[in-house]
Structure formats: C-alpha cells, structure tokens
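Heads up: the structure comes next, in structure tokens.
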Amino acid sequence: MIKILFYDTKEYDKELFEKYNKQYNYEIKYLETKLNSETAPLAKGYDAVCIFVNDVADKETLEILKDCGVKLVVLRCAGFNNVDIQNLPDNMSVVRVPGYSPYAVAEHAVALLLSIDRKIYKSYQRTKKYNFTLNGLLGFDIHGKTVGVIGTGKIGKAFINIMKGFGTEILAYDIYPDEKLAQDVGFKYVDLDELYEKSDIISLHCPLTKDNQNMINKEAMNKMKKGVVIINTSRGKLINTDELIEELSKEKIGGLGLDVFDEEEDFFLNDMSNSYYRNADLSVLLSMPNVVITSHQAFFTREALEQIGKISMENIKTFFETGTCENIVK
Ligand code: NAI
341 MIKILFYDTK EYDKELFEKY NKQYNYEIKY LETKLNSETA PLAKGYDAVC
391 IFVNDVADKE TLEILKDCGV KLVVLRCAGF NNVDIQNLPD NMSVVRVPGY
441 SPYAVAEHAV ALLLSIDRKI YKSYQRTKKY NFTLNGLLGF DIHGKTVGVI
491 GTGKIGKAFI NIMKGFGTEI LAYDIYPDEK LAQDVGFKYV DLDELYEKSD
541 IISLHCPLTK DNQNMINKEA MNKMKKGVVI INTSRGKLIN TDELIEELSK
591 EKIGGLGLDV FDEEEDFFLN DMSNSYYRNA DLSVLLSMPN VVITSHQAFF
641 TREALEQIGK ISMENIKTFF ETGTCENIVK
C-alpha cells in the first residue's frame, strides 16, 4: 500500500482527501506542521509527501526526504517555486496540479480590484454600524481603463476575459507571448516598460522564478502612472515589499490588492490574532488605506478544491503505476 505523509494540513484538506481516498485506499497521515529540513525526518518510511504553497522543499529538505525513502513530492497546488527542482535528488519526482481552476484565482483578483476601487471593505464596516455616509468612498469606473496583465497563462487568460467584459483595454506581457490568443481575445502584447507606463491597473499572473523575483521594484514603480492599482494573486516575492511600502506612502500607488505576501509563510492560513508575533512590513501594509490583503485564498472555491483532490490522487496513482505522469514538474 502506498504511504503518503501530508504536511500543512487543515481540516478542509483532510475532509477533501479522505473523500477521494475512498477510491484509492492510500495509507495517509495528516500533519499540521509545515515541511522544512527539521520536519522532513517525519517522512521516514513514506513513499510520498503531499505539500502546499508554504512548505519548503529546498535542497537540504529534499536530501532528507530521499534518505527517508520518499520517491514522490506531491504538490496540491499549481505553483512550484517552493521546491528546488534544480537540486532534485535522483529517483525523486515532483507532481503538481497545473490548472485546477484558473477561474477561482482570476475571479479573486477581480474581487480584490473591485473591493479596492469601490471601497467595499470600508462601506461594509460602516453600514454594519448603521453609518450610511459616502465620504471617502469615491471610486472610479473600470470601464475605459487600461489594464496591464503580466503572465497570460491559464489564470492571466481567465482574468483578461473577465476584464474585457468591463470594457477595458488590455496590455499584456509574457516571456512566451501567445499572439493567436491576443488576436482572438482582442488584446496587445507590449514590453514591460510600456505596460508600466500606460496601465491604470496592473495584475500579476506569472509564476515566481529566479529571474523575476522583485520584478515590481522601485525602478518599475517609478515608470507606473501615479495612482496605479496593483493586484498580486501570484507570489509575494514578485514584489519588493520595502520599496512598495515606500511608493505607497508617497501615494504613487493608489490601491493595492494582495492575496500573497513575500513573508507569508508564518502568517497566512493561520489564526495569529492572539499572538504577539508580528511581521513589521505586513503590519504597515495592513494599516494603510486602500490596501486589501487576503490570506492566499484565491484558489479556495469548491470547484477548485474538488479538482485539487481528484488530480492529486490521480497523479499519485499514475506515478506509482507507470513511473511517470503528465503533471510531473520538469
Ligand atoms: P500558467 O503556467 O498557465 O501561466 C503562467 C504564464 O506566465 C505563462 O504564460 C508563462 O509564459 C508566463 N511567464 C513565466 N515567467 C514569466 C515572466 N518572468 N514574466 C512574464 N510572464 C511569465 O500558470 P497559471 O496557472 O496561470 O498560474 C500563474 C501563477 O498563479 C502560478 O505560478 C502561481 O504562482 C499563482 N497561483 C496563485 C494561486 C492563489 O491561490 N493565490 C493559486 C494558483 C496559482
């Protein structure tokens, strides 16, 4: 029987995977702790480990997992920036769920944008207290604005399709532009400088790689329009947080929607409300007006979870039956 150790599991993960495991009968143990070099030895005797976005599978951790007998790292997510693929030990593979629901993430990016633009977070708190004034709630029409989309893969494409419905002009950047897509959907690929200069709203939908870490830095933000709204549902490390805070405080950035944060590991997905442990940058961002932060929840829809459960379990089955799988990370 295939033995799988799950790291960083929440109640909803257990419910989901227990439901799917009725078909597969794997021997599963669920841990709340995250994977890192200290917790990797717990995987001794397991065939696979199943991890999420904030588990750390660096070189050292992967070597320990290998010594424990682990042959497969199962990512129950799309992004794989937290696994050191370059230093993957021999006879170990990594599988992921590449496209469980691009709509879930794209729709959440739009939710962040609308919340920031129309100040829904403020009006919700006001009306709850029977305060029905409009001061400070002035927004702007999204219709007619220029939206810059960085990364036009599955999520970027879903986001573009929604934003076209608002009547916006889309400028996109991708290291592998899909000109046919641009023609069919009606948008234009431009270089990053032009995207920064012309966009009223910028949304990030590219993976985090070694080359694009901190791509949204002071230099990039200097090229942007004053009052630009930035949305990041991709990965926190795409943005240089210190420089972002500086530009926010200069009111260069008019609104910020984050579902990810560069040091989210200790905070996101956890209830830290009764803890004194704080992250200084996160606290500053949370204290700022027109900044809305959600806790890596863009993926969190019923439809997406079902796909994650189904595809992860099938990835494991296919890998152990055939030694390979279409969702292997190369
Ligand atoms: P995808 O692989 O379908 O598309 C990514 C696109 O980005 C590709 O077209 C690729 O050519 C492009 N790209 C790669 N490097 C780039 C760069 N340096 N600059 C510009 N474009 C670049 O991936 P998908 O499914 O659209 O996901 C995108 C990202 O969204 C994931 O890598 C992940 O980080 C994030 N994500 C966030 C979730 C959340 O809950 N907040 C959930 C799922 C994904």
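Sequential numbering from 341 applies to the sequence shown in the numbering used here. All residues carry an ideal CB built from backbone N, CA and C; glycine is no exception.
Just reading off the alpha helix (DSSP H) that residue i is part of, what are its end residues?
i: Ala-512; result: Per DSSP, Ala-512 belongs to no alpha helix (DSSP H); it is in the beta strand (DSSP E), 509–513.
i: Asn-501; result: 494–505
i: Asn-572; result: Element bounds for Asn-572: not the alpha helix (DSSP H) but the beta strand (DSSP E), 568–572.
i: Phe-659; result: 642–662
i: Leu-584; result: 581–589
Look at residue i and residue j and say whether their C-beta atoms are less than 7 Å apart.
i: Ser-369; j: Asp-395; result: For clarity, residue 369 is Lys in the given sequence; the question names Ser instead. No, these two residues do not count as a Cβ contact at 7 Å.
i: Val-423; j: Val-389; result: no
i: Leu-521; j: Gly-488; result: no
i: Val-631; j: Tyr-461; result: no
i: Pro-442; j: Ile-495; result: yes
i: Lys-558; j: Glu-583; result: yes
i: Ala-449; j: Ser-539; result: no
i: Val-600; j: Ile-456; result: no
Does ligand 1 have even one heavy atom less than 6 Å from the beta-carbon of residue i?
i: Arg-575; result: yes
i: Val-414; result: no
i: Tyr-470; result: no
i: Asp-621; result: no
i: Asn-572; result: no
i: Lys-670; result: no
i: Val-445; result: yes
Can you tell me where the beta strand (DSSP E) holding residue i begins and where it ends?
i: Ser-433; result: 433–435
i: Val-624; result: Element bounds for Val-624: not the beta strand (DSSP E) but the alpha helix (DSSP H), 620–627.
i: Ala-388; result: 388–391
i: Lys-343; result: 343–346
i: Glu-358; result: Premise fails: Glu-358 lies in the alpha helix (DSSP H), 351–364, not in any beta strand (DSSP E).
Here's the rule: buried if 16 or more other CB atoms are within 10 angstroms of the residue's CB, otherwise exposed. What is residue i?
i: Lys-577; result: buried
i: His-483; result: exposed
i: Leu-626; result: exposed
i: Arg-575; result: buried
i: Ser-623; result: exposed
i: His-664; result: Looking at the sequence provided, one finds Thr at residue 664 rather than His. Thr-664 should be labelled exposed.
i: Ser-589; result: exposed
i: Lys-354; result: exposed
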